[in-house]
Amino acid sequence: MADSRLLERMATLFDDPRYARLAVRNRRKFRANKPFPHIVFDNFLPPSVARLLAAEYPRPDDKKARWKNHSNANVSRRFVEDVGSMSLPLRLFADAVVSKPFLLFLEVLSGIDCLLGDPYFLGGGAMATGRNGFLKIHADFDWHHKLQAHRRVNALFYLTPGWKPEWAGDLELWSKDMKRKVSSVQPVFNRVVIFEVSDDANHGQPEPLRCPPDEMRRVFSAFYYTTRKSNAEWKAPHFTLYKPQNSPYSMSLQKDYKSKAAY
Numbered sequence: 371m372a373d374s375r376l377l378e379r380m381a382t383l384f385d386d387p388r389y390a391r392l393a394v395r396n397r398r399k400f401r402a403n404k405p406f407p408h409i410v411f412d413n414f415l416p417p418s419v420a421r422l423l424a425a426e427y428p429r430p431d432d433k434k435a436r437w438k439n440h441s442n443a444n445v446s447r448r449f450v451e452d453v454g455s456m457s458l459p460l461r462l463f464a465d466a467v468v469s470k471p472f473l474l475f476l477e478v479l480s481g482i483d484c485l486l487g488d489p490y491f492l493g494g495g496a497m498a499t500g501r502n503g504f505l506k507i508h509a510d511f512d513w514h515h516k517l518q519a520h521r522r523v524n525a526l527f528y529l530t531p532g533w534k535p536e537w538a539g540d541l542e543l544w545s546k547d548m549k550r551k552v553s554s555v556q557p558v559f560n561r562v563v564i565f566e567v568s569d570d571a572n573h574g575q576p577e578p579l580r581c582p583p584d585e586m587r588r589v590f591s592a593f594y595y596t597t598r599k600s601n602a603e604w605k606a607p608h609f610t611l612y613k614p615q616n617s618p619y620s621m622s623l624q625k626d627y628k629s630k631a632a633y
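Written out as structure tokens, the structure is:
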């Protein structure tokens with residue numbers, strides 16, 4: 371079991387001004403990256419936190435973990451979306467990735483205002499893919515029936531120490547017309563991939579894994595939403611809409627967060 375100091379660090383994880391600096395310095399890069407806005411950060415979490423999460427990740431034979439299975443022609447993987455069945459360190463991490471500091475990090479980085487975290491981790495959470503597992507190229511579902519909100523951003527945290535390139539498992543990003551692979555991202559330990567979700571943000575892990583039978587490609591997946599799909603929706607017929615840009619409180623949150631980048 372982790373000591374109390376490490377657990378406390380988990381609870382305040384994204385208060386570190388380092389994340390504000392990352393968001394401010396990389397927001398243009400995020401928007402400019404092809405084939406759709408995205409970014410990759412290595413060594414994203416403190417090493418001690420990443421190691422703890424890897425050690426506490428649910429195992430396939432863990433009877434307490436409420437595993438769900440996706441197994442069909444398009445996908446073969448398992449996941450635990452029920453936070454209540456996660457270990458305490460993983461549960462603290464789940465809380466951290468839907469917390470105010472991390473939401474502000476994502477808003478500044480992506481340029482998308484008014485993001486909502488998903489405490490249900492619908493379709494996400496602690497994912498694990500074993501030997502021969504895969505996920506074909508796809509565009510994500512975009513509507514959360516419980517939050518009644520549109521999916522806008524994904525954050526994928528890779529948590530398998532010592533993953534080897536020869537085991538495959540790269541995240542592939544494809545062109546909007548699905549004619550070519552534009553980029554690949556290896557599931558390197560303590561790497562995070564953050565990308566904007568849209569109907570043509572085509573991605574997946576289509577190559578079946580070649581890892582040993584006792585290894586798993588582990589990625590903690592968190593998805594983020596807004597109550598409107600895009601700024602274009604403001605142009606539809608409507609009654610009075612008070613835009614977040616005109617809310618002093620709303621804008622002060624991001625202003626205060628960006629100021630941490632100077633620390």
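Letter by letter, the sequence shown follows residues 371 to 633 of our numbering. Where is the CB? At the ideal position from N, CA and C, for every residue including glycine. Nothing here was measured: the structure is a model prediction, and the numbers come from that model.
Check, Outcome
"Cβ contact (3+ pairs, closer than 8 Å) linking the segment 391 to 409 and the segment 428 to 436", "no"
"Stretch-stretch touch, CB-based, cutoff 8 Å, three pairs: the segment 412 to 424 with the segment 478 to 493", "no"
"Within 8 Å, strictly: CB atoms of P387 and Y633", "yes"
"Beta-carbon proximity list for M380, same chain, < 7 Å, skipping 5 on both sides", "V419, P459, L462, F463 and A466"
"Supposed contact pair L422 and L376 - C-beta distance, whole angstroms, cut 8 Å", "6 Å"
"For G454, three-class secondary structure by DSSP", "helix"
"DSSP state of Q575 mapped onto helix, strand, coil", "strand"
"Rounded separation between L383 and V468 - CA only", "12 Å"
"L462 (DSSP reduced to helix, strand or coil)", "helix"
"Counted within 10 angstroms of its Cβ, other Cβ atoms place W544 as buried (16 or more) or exposed", "buried"
"Boundaries of the alpha helix (DSSP H) in which K399 is found, first to last residue", "P387 to A402"
"C-alpha gap between D510 and A592, whole angstroms", "13 Å"
"Residues near R561 in its chain [Cβ-Cβ closer than 6 Å; skip 5 each side]", "D412 and Y528"
"Spatial distance of P582 from F590 (CA atoms)", "20 Å"
"Neighbourhood of N445 by C-beta distance below 6 Å, restricted to the same chain and skipping five residues each side", "For the sequence presented, residue 445 should be read as Val rather than Asn. Correct list, in chain order: L505."
"Nearest-angstrom Cα separation, counted from G454 out to R442", "Before going on, a small fix: residue 442 reads as Asn here, not Arg. Near 27 Å, if we compare the C-alpha coordinates of G454 and N442."
"Beta carbon of G487 nearer than 8 Å to that of L473", "yes"
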